[in-house]
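A.B. asks: Going down the list, the protein sequences come from chains A and B.
The first sequence begins at 1 in my numbering and counts up by one.
The second sequence begins at 1001 in my numbering and counts up by one.
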Amino acid sequence: MPDISDQILIDNPRRGKISKFRVVWLIFIPLASIAFQVNIPLFFRHLGYLELPLLVTVYFSLMQRNPIGGTLIGAGIGLLQDALSNQPLGIFGMVKTLVGYFAASISVKIDVDNTTIRFGLSFFFFFFHQFFTWILVRALLGQAIDFDLVQTLLFGLLNSLVAVPLFLILDKLRERG
Amino acid sequence: MSRYRNLAVLVIVIAAQLVLLAYQVRTKEDVSLLRSATVTAVSPLAKALDNARGSSLGFLDRYILLLRVEQENERLKTELDKMKLENQFLRTELTTADRVRALAMFQQQTRAKTVAARIIGTGTGANSKAVFVDRGMKDGVERGMAVITPDGIVGKVTFVYPAASQVLLITDPFFAAGVISQKSRVPGTLKGLGRSQVLVDHIQNEIKVEEGEWFFTSGDDRVFAKGLPAGQVRTVRQGKEFKEIFLDPSGLQRGLEEVLIVLEGVHQAIPEGTGPAAGPVSFILPPPESAETRVAEQKALESGIPALSTDADRLREKIKRIGEIQGVRFGNAGARLPNFNMDPNQVTRPQASVLAPPPRPAEGQAPAPAPATATPATPTNPPQQ
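Put into structure tokens, the structure is as follows:
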């Protein structure tokens, strides 16, 4: 009977392989996720809870398995998101930089193709993202916004549920070979 | 070694963004190049998504409409009463009234110069209420312009890009506008709360404001022209210092799809060269024309004296005229005080030559006696004591 650590930790080199994507996907997918976030909640208000740019950041960082790559992906997507907000640039940039770095760092140790792990990581990074955004907005911009713990946990759960099929779709874009 | 390199890159990227953030907060300047590039890159995707949604929903609408027509056909066959049929037809007409047509009609009726815009996206801020519209610099949109619908005010333009603009909605916590109540004409400040209702602040607890009362823009903020509906009072309660008045913003009640951007407000032209050089708002309307201003300007035209522009100027002129009417010369030690309660507008203005100071006596001569015309003119309405 396999130990649970065998399912989570990388036990052979094949499972720890770096995934590569075409540059066009690395540009188009983040832009599309931001366009989705900007446009869709206008007509389907209930989809406003979706943080697709974050999920895309987590996915690409996990698949790259390179902390520097994850850092740069996170910073890029975060700054793009900042540019569409009415806040100074840098808040989402910093938070997503950290998300990208940690996601890429952790991906070296665990099997990121495992669905349960993907679900758990998405949940964790969503919570981390929301909590850290709240801290930065309060500390650096002095805005007294509320942090609704229950809502954040619930939205984290919903985002994780979306993350699993989304990651499977994005897996199709990986280069073979 | 690789671990330190990763950490070093992380620290550099975070530090760079921290510096960027600090620069923006400290200098209040924006990195418009990045914003402009992002909006330009995302706008086509957002428009494509919008078109795709429009097509799919259009198909669904037509399908549902077809089903409804079928049902209505069945029902109409059973209805023999002609009046009932006519009523139903009129009701259907009303419910299916085209929002765009209503907007166009409003646009024709209003004296302000406006441009119709379509909402194509929302802002991404954690607590922000901002939207993107499909009109930008090319359409003459400028930062600070008011955004309205026939139902009321919607927000103001905060960022302008070549083909799109960002509009800060009145529900955003950073939004504020001058408003005035319809019944008691009490001025207050409308503020966004980050949720569907907005707050009217700075109204004393003693002042009576009723639920259901309407608030309109006062024009004091020089963004919104005076007299635009802001919202209806939903809740009023006593606060610590000021009343807590919550409004349902009328401009957002029927959802947001099309809006009007006010290119030129109703009551003026943009002041030349007097706008702020840099600041959050660069398009500022001149102050609203009040009844007092009109009276003062009319009198100024009649007397040939240039019109006064500020409240301080008008107060100074009023005191000066009171002094002239009552024969008091300000600045003389021991001079009696005039009656400041009188209304100089109720008194015929004396001729400038009559009130001119007496000519200086030549050296060695005794000063001439004060002219008889220096006695105060009789006001038509004596001042109330």
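Beta carbons are placed, not taken as given, at the ideal position from N, Cα and C, and that holds for glycine.
Note that the structure is predicted; figures quoted are calculated from it, not measured.
When the cut-off is 8 angstroms and only beta carbons count, does Q1253(B) lie next to chain A?
C.D. replies: Cβ-Cβ to chain A under 8 angstroms: no for Q1253(B).
A.B. asks: Which bits of chain B does T97(A) rub up against, with CB to CB less than 9 angstroms?
C.D. replies: L1010, V1013, I1014 and Q1017
A.B. asks: Which of helix, strand or coil does DSSP assign to E1244(B)?
C.D. replies: strand
A.B. asks: Could you tell me which uninterrupted alpha helix (DSSP H) segments, each at least 4 residues in length, are contained entirely in the stretch 80–109 of chain A, listed from first to last along the chain?
C.D. replies: 91–107
A.B. asks: State the DSSP-derived secondary structure class of G1152(B), mapped to helix, strand or coil.
C.D. replies: strand
A.B. asks: Between the stretch 1236–1250 of chain B and chain A, which residues of the former have CB atoms less than 7 angstroms from a CB of the latter, in chain order?
C.D. replies: none
A.B. asks: Determine the burial state of L55(A): buried for a count of at least 16 other Cβ atoms within 10 Å of its Cβ, exposed for fewer.
C.D. replies: buried
A.B. asks: For E1072(B), report the span of its alpha helix (DSSP H) as first-last.
C.D. replies: Element bounds for E1072(B): S1032 to T1078.
A.B. asks: Using a Cβ cut-off of 8 angstroms (strictly closer), state whether M94(A) contacts chain B.
C.D. replies: yes
A.B. asks: Is the beta carbon of F1216(B) closer than 8 angstroms to that of V1179(B)?
C.D. replies: yes
A.B. asks: Is the stretch 73–84 of chain A touching the stretch 151–165 of chain A, taking contact as three or more C-beta pairs under 8 angstroms?
C.D. replies: no
A.B. asks: Can you tell me which of the three DSSP states G76(A) falls into?
C.D. replies: Here G76(A) carries a helix assignment [DSSP, helix/strand/coil].
A.B. asks: Have a look at P2(A) and A139(A) and give me their C-alpha separation to the nearest angstrom.
C.D. replies: Confidence is the limiting factor: at P2(A) the pLDDT is only 48, short of 50, which leaves the residue's position unreliable, though a coordinate-based value still follows. Distance between the alpha carbons of P2(A) and A139(A) is about 47 angstroms.
A.B. asks: Using DSSP with H/G/I as helix, E/B as strand and the rest coil, what is D1139(B)?
C.D. replies: Note: D1139(B) maps to helix in three-state DSSP.
A.B. asks: With a threshold of 8 angstroms, are at least 3 pairs of Cβ atoms found where one atom belongs to the stretch 63–79 of chain A and the other to the stretch 87–101 of chain A?
C.D. replies: yes
A.B. asks: Could you tell me which whole alpha helix (DSSP H) segments of length 4 or greater appear in the stretch 12–63 of chain A?
C.D. replies: 23–39
A.B. asks: Under a Cβ-count criterion, where at least 16 other Cβ atoms within 10 Å of its own Cβ denotes burial, should N39(A) be classed as buried or exposed?
C.D. replies: buried
A.B. asks: What separation, rounded to the nearest whole angstrom, lies between the Cα atoms of I1389(B) and W134(A)?
C.D. replies: Any property of residue 1389(B) remains undetermined from this structure, which presents chain B solely from 1001 to 1385.
A.B. asks: Between the stretch 102–130 of chain A and chain B, which residues of the former have a C-beta closer than 7 angstroms to a C-beta of the latter?
C.D. replies: Residues passing the 7 angstroms Cβ filter: none.
A.B. asks: With 9 angstroms as the C-beta to C-beta threshold (strictly closer), list the residues of the stretch 1199–1216 of chain B near chain A in chain order.
C.D. replies: none
A.B. asks: Which residues in chain B have a C-beta closer than 7 angstroms to the C-beta of I68(A)? List them in chain order.
C.D. replies: N1006 and V1009
A.B. asks: Quick one: give me the first and last residue of the beta strand (DSSP E) that I1261(B) is part of.
C.D. replies: Here the beta strand (DSSP E) through I1261(B) covers E1258 to E1264.
A.B. asks: Using a cut-off of 7 angstroms between C-beta atoms, extract the partners of T1124(B) located in chain A.
C.D. replies: Q37, V38, Q81, L84 and S85
A.B. asks: For the stretch 159–170 of chain A against the stretch 1010–1017 of chain B, are there 3 or more C-beta pairs whose distance is under 8 angstroms?
C.D. replies: They do not touch, by the three-pair rule.
A.B. asks: Residue range of the beta strand (DSSP E) that D1201(B) falls in?
C.D. replies: V1198 to D1201
A.B. asks: Helix, strand or coil: which one does DSSP assign to G1192(B)?
C.D. replies: strand
A.B. asks: Between the Cα of V1233(B) and those of S1056(B), V1259(B), V1200(B) and Q1024(B), spot the shortest distance and give me the residue it belongs to.
C.D. replies: V1200(B)
A.B. asks: Residues of the stretch 1037–1050 of chain B in Cβ contact with chain A at a cutoff of 9 angstroms, in chain order, please.
C.D. replies: Here the close residues are A1037, T1038, V1039, A1041, V1042, S1043, P1044, L1045, A1046, K1047, A1048, L1049 and D1050.
A.B. asks: Residues of chain A with CB closer than 8 angstroms to the CB of G1058(B), please, in chain order.
C.D. replies: Per Cβ cutoff of 8 angstroms: no residues; G1058(B) is ~13 angstroms from chain A at best.
A.B. asks: What do you get for I29(A), buried or exposed, if any count of 16 or more other CB atoms within 10 angstroms of its CB means buried?
C.D. replies: buried
A.B. asks: Taking DSSP as the reference, what is the three-state secondary structure of A1164(B)?
C.D. replies: coil
A.B. asks: By a C-beta neighbour count over all protein chains shown, 10 Å radius and 16 as the cutoff for buried, is Y1418(B) buried or exposed?
C.D. replies: Shown here, chain B extends from 1001 to 1385; a query on residue 1418(B) therefore has no answer.
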